[in-house]
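This report concerns only the one structure given below.
There are 2 protein chains.
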Amino acid sequence: MARWEPGATQRLVVAAVDLFTEQGYDATTVAQIAERAGVTKSTFFRHFADKRDVLVAGQETLSTLLAEGIAEAPADASPLEAVAAGLRRASGAMGPTNRELGPRLKAAVAASAELQERDALKSVGLAAAMTAALTARGVADPIAQLAAELGVLAFRRGFARWSEGDREDGEGLAPHALSALADLRAATAALG
Amino acid sequence: MARWEPGATQRLVVAAVDLFTEQGYDATTVAQIAERAGVTKSTFFRHFADKRDVLVAGQETLSTLLAEGIAEAPADASPLEAVAAGLRRASGAMGPTNRELGPRLKAAVAASAELQERDALKSVGLAAAMTAALTARGVADPIAQLAAELGVLAFRRGFARWSEGDREDGEGLAPHALSALADLRAATAALG
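Pasting the structure below:
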């Protein structure tokens, strides 16, 4: 659980994103992805339901880590402090491969309506996981939903800055995600 | 632009949602939707790219109305006051048919992963339209994105309450959407 599941899953994700970038999402087949990753098609289907699913590799892991971090935050933590704990926990699962894939994944999503839809549903899933974890802490509606949405925005904005930044700095995702969350928190004062 | 486009579009949406509810999304064909609506398949394809597209009928209209309302808000309106103006404008396009379809549409979405993805992308599209309109007013990032996300949440929460409420009351969507926005604004104070 510490990092992106190594081995076949990671090789399949890298192969898929490379092929999506080289030849487009629509033109890429599961057989090509499996071949590039050096595994069989049946191995592919043990890891993913279809080629679109590759995009959200790790979504369940992320949801679990976000929810665990929120659940384990101190009892007196505010809703956003609990979200920050979730972001710290989930950031630990994002390693150099995720960072390096970021810009290519972004380009592949931008070029495919199907991937945009799947990517949008990923945000919905992460928000739902965080909302449920906050609700379990006793955070009322709509505070829980709002805090969860800020958490998703912070994760996405932090990930974008991290993966587009200098990859040689050895930094993790956490400081970027937490800084994005602080920016969003500050922005609530300017909503009017 | 005042209301949901009448005629064939509306009949196709009602027919599609009815069929999705009766027999499931996957089992419903474009030919069945067209037949139920009393139009030809080619008429269907003049209105929608595919059956999934029916779900987001009116998304472009909604985006346009939200953006127009934001653009035409008074110069000294705060970001959330501008969003409220957008919600008022967009709510005017939601009539009794939209209200009545709401719960059935919700059931159809809940039962289909494909529809959930398309529905999630609809939220992304509405948020992007509002973010752009706020940015054009000079609202800085990330305040614009945050205000837009609150607008989408308010529209969705308000629509759910409106369409699940007493349909005989003759109320419009606007008071529900604005009340949801006020709830979210109040919730920002409790984020910690």
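Residue numbers (the numbering used here), protein chains in the order written: chain A, -2 to 189; chain B, -2 to 189. Where is the CB? At the ideal position from N, CA and C, for every residue including glycine. Being a predicted model, the structure only gives us computed values, none of them experimental.
- Taking a contact to require three or more Cβ pairs closer than 8 Å, the region 169 to 184 of chain A and the region 98 to 109 of chain A do not qualify as touching.
- Taking the Cα of L150 of chain A as reference, the smallest distance to any Cα among A:L77, A:V51 and A:L16 is reached at A:L77.
- Annotation note: the region 24 to 75 of chain A contains no uninterrupted beta strand (DSSP E) run of length 3 or greater.
- The shortest C-alpha to C-alpha distance from S109 of chain B to any of B:G21, B:L16 and B:V11 is the one to B:G21.
- For P100 of chain B, the three-state secondary structure derived from DSSP is helix.
- The Cβ atoms of A34 of chain A and F41 of chain A lie closer than 9 Å to each other.
- The Cβ of V121 of chain B sits closer than 9 Å to at least one Cβ of chain A.
- With its beta carbon at least 9 Å from every one in chain B, I67 of chain A lies outside the interface.
- For I140 of chain A, the neighbours in chain B by C-beta distance under 8 Å run, in chain order, A184, A187 and L188.
- Residues of the region 83 to 117 of chain B with a Cβ closer than 7 Å to any Cβ of chain A, in chain order: Q113, E114, R115 and A117.
- When only Cα atoms are considered, G122 of chain A and A129 of chain A end up about 11 Å apart.
- Cβ atoms of I67 of chain B and A82 of chain B come within 8 Å of each other, at about 6 Å.
- In the three-state reduction of the DSSP assignment, D138 of chain A falls in the coil class, being assigned neither a helical nor a strand state.
- Annotation: the continuous alpha helix (DSSP H) that includes M127 of chain B extends over A110 to A133.
- The C-beta of L16 of chain B comes no closer than 9 Å to any C-beta of chain A.
- Using a Cβ-Cβ cut-off of 8 Å, A144 of chain B is close to L188 of chain A, given in chain order.
- Neighbours of L181 of chain A across chain B, judged by C-beta separation under 7 Å: P139 and L143.
- Across the structure, A174 of chain A and Q29 of chain B are spaced so that their CA atoms are roughly 47 Å apart.
- With 16 or more other Cβ atoms inside 10 Å of its own Cβ, P139 of chain B counts as buried.
- In this structure, L131 of chain A lies away from A117 of chain A, with their beta-carbon atoms at least 9 Å apart.
- No Cβ-Cβ contact shorter than 9 Å links V36 of chain A with L98 of chain A.
- L147 of chain A belongs to the set of residues whose beta carbon lies under 9 Å from a beta carbon in chain B.
- Counting of Cβ neighbours within 10 angstroms places A133 of chain B among the exposed residues, the total staying below 16.
- A177 of chain B is not a Cβ neighbour of R164 of chain B, given a cutoff of 9 Å.
- Within chain A, the C-beta atoms nearer than 7 Å to that of L77 of chain B come from L188 and G189, in chain order.
- Taking 9 Å as the CB threshold, R154 of chain A lines the interface with chain B.
- The C-beta of A137 of chain A has fewer than 16 other C-beta atoms within 10 Å across all chains shown, which makes the residue exposed.
- Here the alpha carbons of V11 of chain B and T94 of chain B stand approximately 8 Å from one another.
- In the DSSP annotation of this structure, the continuous segment of the alpha helix (DSSP H) that includes E19 of chain A starts and ends at A5 to Q20.
- When the five nearest sequence neighbours on each side are left out, the beta carbons in the same chain lying within less than 7 Å of the beta carbon of R154 of chain B are those of A177, in order along the chain.
- Here the alpha carbons of D73 of chain A and T58 of chain B stand approximately 45 Å from one another.
- Annotation for A70 of chain A: E78, A79 and A82 place their beta carbon closer than 7 Å to its own, counting only its chain and skipping 5 residues before and after.
- The beta carbon of A177 of chain B falls within 9 Å of a beta carbon belonging to chain A, placing the residue at that interface.
- When DSSP states are grouped into helix, strand and coil, A157 of chain A belongs to the helix group.
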